[in-house]
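Residue numbers (this note's numbering), protein chains in the order written: chain X, 3 to 305; chain Z, 160 to 415. Ideal Cβ positions, reconstructed from N, Cα and C, are used throughout, including at glycine.
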């Protein structure tokens with residue numbers, strides 16, 4: 003069934019877009035990631051103009067995270083205070099990200115920067131998560147002497163002005179989550195992703211938050227930042243396609259429900275293992291995309 | 160004012176003035192307006208018409224017809240990727256074209272190269288390779304050619320530039336018809352359909368019709384809203400996603 007997208011200016015197969023939204027929604031609910039790192043490349047591959055893909059994916063991320071946030075909040079898996087601190091950082095980050103985006107766009111190096119950043123970030127996070135999840139599942143058979151991991155990262159613990167975060171059971175400086183939010187916010191604008199797949203591991207490994215509250219809090223942060231990004235795109239690039247976003251949303255919000263349901267049935271370590279493998283695969287694909295001869299040597303930009 | 164009216168009058172009167180010895184084209188198109196709606200999946204336009212010969216008798220030899228459908232002109236920047244340091248592909252070079260048509264389709268009763276010599280074809284911009292793209296920036300001709308080939312190839316594969324060497328059907332030397340397919344990703348605007356009557360390697364008559372391609376109904380409303388009421392449009396998108404997300408969560412609540 004073909005539907006014409008008024009902003010993208012072309013027709014797409016509606017069923018394909020809804021299914022894409024659904025698949026990304028399942029991941030979103032399961033892992034607390036926005037899923038933009040999958041939606042955006044798929045839409046571009048499908049032939050949607052990149053700015054429209056980035057802007058509309060941001061809208062879909064909002065919807066997919068809202069149902070996730072509600073589910074997790076009901077189960078007490080949301081640290082509202084921590085999330086709000088990160089959102090404040092995220093809003094500043096998105097302003098800086100937009101400035102960098104414009105600079106790179108004018109020099110024509112935006113796609114290679116996006117690709118390069120994706121590869122670096124995905125490889126780093128993927129390997130760290132893979133190692134940790136395999137260790138906690140007891141896979142390196144010659145069980146290393148079970149040295150207890152320090153609860154707090156040394157740098158995080160050394161920051162001043164400590165606040166109490168009750169839901170996470172932490173007593174740390176708000177500067178750390180603020181900086182983390184700033185990073186995620188700038189990446190949202192720059193890479194067209196919610197930043198959840200960076201937030202989740204960083205909250206676990208850097209802030210030392212318990213896994214129970216990590217996903218809900220990350221979704222809460224992603225929700226706010228992606229909503230702000232949609233507004234920024236609507237005001238500046240005017241590339242938000244409400245029909246495209248709506249189709250993605252219909253699949254995405256339902257998928258997020260199933261994703262959240264699956265989280266409760268699966269062992270968290272396996273969930274983490276699966277996420278690390280997905281992250282590494284996407285990173286590998288992006289690396290090959292940079293190194294292989296691209297399908298299109300030429301690209302057209304409207305002036 | 161009179162400087163403008165003069166040529167137009169001449170153009171209008173031209174058929175009458177030359178009616179004595181030259182044939183005249185009477186073209187038409189199947190739709191003067193194409194409306195883009197939610198189900199728009201591209202369109203097929205029928206360009207047809209008749210040739211009116213002086214004295215009403217077609218000549219014994221075969222005459223040929225070429226039709227061209229052209230979209231609005233846009234300046235574009237074409238970027239080229241090159242392998243950097245043997246490792247990664249980056250956009251290394253670019254070239255500007257000031258007048259690339261957003262859509263260009265030509266159909267003819269025989270291949271253009273059989274109908275006209277190269278110079279004449281270039282004058283009338285008949286054939287994809289005869290488009291005058293006005294490259295800018297004073298680059299080397301060699302580089303310009305490379306970028307031009309890249310642009311033409313990219314747009315040809317997207318169906319935006321098309322050439323059909325046997326696309327025009329002529330009946331009894333008088334009636335002609337050609338079908339041109341427009342893909343869904345064409346921009347809106349005024350398109351021109353030109354018809355050329357070609358006889359013995361010369362264009363002996365030409366005529367033009369305009370076709371308006373526009374978004375309509377819901378699609379038009381959205382396109383306008385996104386342009387004119389940016390804040391409200393963005394807010395609507397955010398509220399839509401929040402609403403749908405909330406609805407799904409509420410609907411599934413009973414399941415767990």
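Opposing strand residues paired with residue 252 of chain Z [DSSP bridges]: In the second chain, the residue the question calls residue 252 of chain Z occupies position 93. Paired residue(s): Z/239.
On the criterion of 16 or more Cβ atoms from any shown chain inside 10 Å, does residue 320 of chain Z qualify as buried, or is it exposed? Position 161 of the second chain, counted from the start, is the residue given in the question as residue 320 of chain Z. So residue 320 of chain Z ends up on the buried side.
Members of the segment 49-62 of chain X that neighbour chain Z once the beta carbon cut-off is set at 8 Å: The segment 49-62 of chain X vs chain Z, Cβ under 8 Å: 49, 61, 62.
Which chain X residues are close to residue 349 of chain Z, counting only those with a beta carbon under 9 Å from its beta carbon? As a position in the second chain, residue 349 of chain Z is number 190, starting the count at 1. Simply none; closest approach about 16 Å.
Can you give the Cα-Cα distance for residue 87 of chain X and residue 45 of chain X, rounded to whole angstroms? Indexing the first chain from 1 puts residue 87 of chain X at position 85. Indexing the first chain from 1 puts residue 45 of chain X at position 43. When rounded, the distance between both Cα atoms is 32 Å.
Sort out for me which residues DSSP pairs residue 200 of chain Z with in a bridge. Here the question's residue 200 of chain Z lines up with position 41 in the second chain. Paired residue(s): none; residue 200 of chain Z is not in a bridge.
Check residue 4 of chain X in the structure and name its three-state DSSP category. Along the first chain, one-based indexing puts residue 4 of chain X at 2. Three-state DSSP puts residue 4 of chain X in a strand.
Please confirm if residue 240 of chain X has its CB atom under 7 Å from at least one CB of chain Z. To locate residue 240 of chain X, count along the first chain from 1; it is residue 238. Output row for residue 240 of chain X: interface = yes.
Could you name the residues of chain X that residue 233 of chain Z contacts, counting a contact when the two beta carbons are closer than 7 Å? Position 74 of the second chain, counting from 1, holds the residue named residue 233 of chain Z. Think of a sphere of 7 Å around the beta carbon of residue 233 of chain Z: the chain X residues whose beta carbon falls inside it are 304, in chain order.
Using 7 Å as the threshold, is the C-beta distance between residue 70 of chain X and residue 258 of chain X below it? Along the first chain, one-based indexing puts residue 70 of chain X at 68. Along the first chain, one-based indexing puts residue 258 of chain X at 256. In this structure, residue 258 of chain X lies closer than 7 Å to residue 70 of chain X by Cβ.
Quick one: is residue 206 of chain Z buried, meaning 16 or more other Cβ sit within 10 Å of its Cβ, or exposed? Taking the second chain and counting its residues from 1, the one referred to as residue 206 of chain Z is at position 47. Classification for residue 206 of chain Z: buried.
The alpha helix (DSSP H) with residue 234 of chain X in it runs from where to where? Numbered from 1 along the first chain, position 232 holds the residue referred to as residue 234 of chain X. Run containing residue 234 of chain X: 213-237, per the alpha helix (DSSP H) assignment.
When DSSP labels each residue in this structure, what does residue 350 of chain Z get in the three-state scheme? By one-based count along the second chain, residue 350 of chain Z stands at place 191. In this structure, residue 350 of chain Z counts as strand in the three-state DSSP scheme.
Chain-ordered chain Z contacts of residue 244 of chain X [CB-CB under 8 Å]: As a first step, residue 244 of chain X is located in the first chain; it is residue number 242 there, counting from the start. The contacting residues are 381, 385, 392, 395, 396, 399.
Mind checking if residue 247 of chain X is an interface residue toward chain Z, Cβ cutoff 7 Å exclusive? Residue numbering aside, residue 247 of chain X sits at position 245 when the first chain is read from its first letter. Yes, its Cβ sits closer than 7 Å to a Cβ of chain Z.
Can you tell me where the beta strand (DSSP E) holding residue 392 of chain Z begins and where it ends? Along the second chain, read from residue 1 onward, the residue named residue 392 of chain Z stands at position 233. Run containing residue 392 of chain Z: none in the beta strand (DSSP E); it sits in the alpha helix (DSSP H), 389-411.
Sort X/281, X/292, X/197, X/275 by Cα distance to residue 67 of chain X and report the nearest one. In the first chain, the residue the question calls residue 67 of chain X occupies position 65. Of the listed residues, the one whose Cα sits closest to residue 67 of chain X is X/197.
Measuring CB to CB, does residue 218 of chain X end up less than 7 Å from residue 79 of chain X? Here residue 218 of chain X refers to the residue found at position 216 when the first chain is read from its first residue. Here residue 79 of chain X refers to the residue found at position 77 when the first chain is read from its first residue. For residue 218 of chain X and residue 79 of chain X, yes; Cβs fall inside 7 Å.
Rounded straight-line distance, which links the Cα of residue 33 of chain X to that of residue 274 of chain X: As a first step, residue 274 of chain X is located in the first chain; it is residue number 272 there, counting from the start. As a first step, residue 33 of chain X is located in the first chain; it is residue number 31 there, counting from the start. Distance between the alpha carbons of residue 274 of chain X and residue 33 of chain X is about 8 Å.
At least one CB of chain X closer than 7 Å to the CB of residue 275 of chain Z: is that the case? For the purposes of this step, residue 275 of chain Z is taken as residue 116 along the second chain, with counting starting at 1. Not closer than 7 Å to any Cβ of chain X, the Cβ of residue 275 of chain Z fails to qualify, so no.
Short of 7 Å Cβ to Cβ, which residues in the segment 351-380 of chain Z face chain X? 374, 378
Exposed or buried, which one is residue 215 of chain Z when buried takes at least 16 other CB atoms within 10 Å? Locating residue 215 of chain Z in the second chain gives position 56, where the first residue counts as 1. By the 10 Å Cβ count, residue 215 of chain Z comes out exposed.
Test: residue 29 of chain X CB closer than 7 Å to a CB of chain Z: On the first chain, residue 29 of chain X is found 27 positions in, with the first residue counted as 1. Residue 29 of chain X does not count as touching chain Z.
Out of curiosity, what's the CA-to-CA distance linking residue 301 of chain Z and residue 308 of chain Z? Taking the second chain and counting its residues from 1, one reaches residue 301 of chain Z at position 142. Taking the second chain and counting its residues from 1, one reaches residue 308 of chain Z at position 149. If I take the Cα positions, the gap works out to 11 Å.
Which complete beta strand (DSSP E) runs does the segment 313-383 of chain Z hold, if anything under 3 residues is left out? 320-323, 327-330, 334-341, 348-358, 361-374
Chain X contact for residue 344 of chain Z (CB, 7 Å cutoff): Position 185 of the second chain, counted from the start, is the residue given in the question as residue 344 of chain Z. It does; some Cβ of chain X falls within 7 Å.
What are the boundary residues of the beta strand (DSSP E) that residue 112 of chain X is part of? For the purposes of this step, residue 112 of chain X is taken as the residue at position 110 of the first chain. Segment 112-138 is the alpha helix (DSSP H) holding residue 112 of chain X; no beta strand (DSSP E) there.
Following the continuous alpha helix (DSSP H) through residue 259 of chain X, name the residue where it begins and the one where it ends. Within the first chain, numbered from 1, the residue matching residue 259 of chain X stands at position 257. First-last of the alpha helix (DSSP H) with residue 259 of chain X: 244-267.
For residue 355 of chain Z and residue 362 of chain Z, which I take to be in contact (beta-carbon distance under 8 Å), what is that distance rounded to the nearest angstrom? As a working mapping, residue 355 of chain Z is identified with position 196 in the second chain. As a working mapping, residue 362 of chain Z is identified with position 203 in the second chain. With a Cβ gap of about 5 Å, residue 355 of chain Z and residue 362 of chain Z count as contacting.
Which residues bound the beta strand (DSSP E) around residue 303 of chain X? Start at 1 with the first residue of the first chain, and residue 303 of chain X comes out as number 301. Looking at the DSSP string, the run of the beta strand (DSSP E) that includes residue 303 of chain X is 300-304.
For residue 212 of chain Z, collect the residues of the same chain with a Cβ closer than 6 Å to its Cβ; drop the 5 residues on either side in sequence, then sort them by chain order. Here residue 212 of chain Z refers to the residue found at position 53 of the second chain. Around residue 212 of chain Z: 182.
Could you check whether the segment 88-107 of chain X touches the segment 221-229 of chain X, counting it as contact only if at least three pairs of C-beta atoms, one from each stretch, sit closer than 8 Å? Three or more beta-carbon pairs separated by less than 8 Å link the segment 88-107 of chain X to the segment 221-229 of chain X, which places the two stretches in contact.
Our contact map puts residue 364 of chain Z next to residue 184 of chain Z with C-beta atoms below 8 Å; I'd like the distance itself, whole angstroms only. Start at 1 with the first residue of the second chain, and residue 364 of chain Z comes out as number 205. Start at 1 with the first residue of the second chain, and residue 184 of chain Z comes out as number 25. Contact holds; Cβ gap of about 5 Å.
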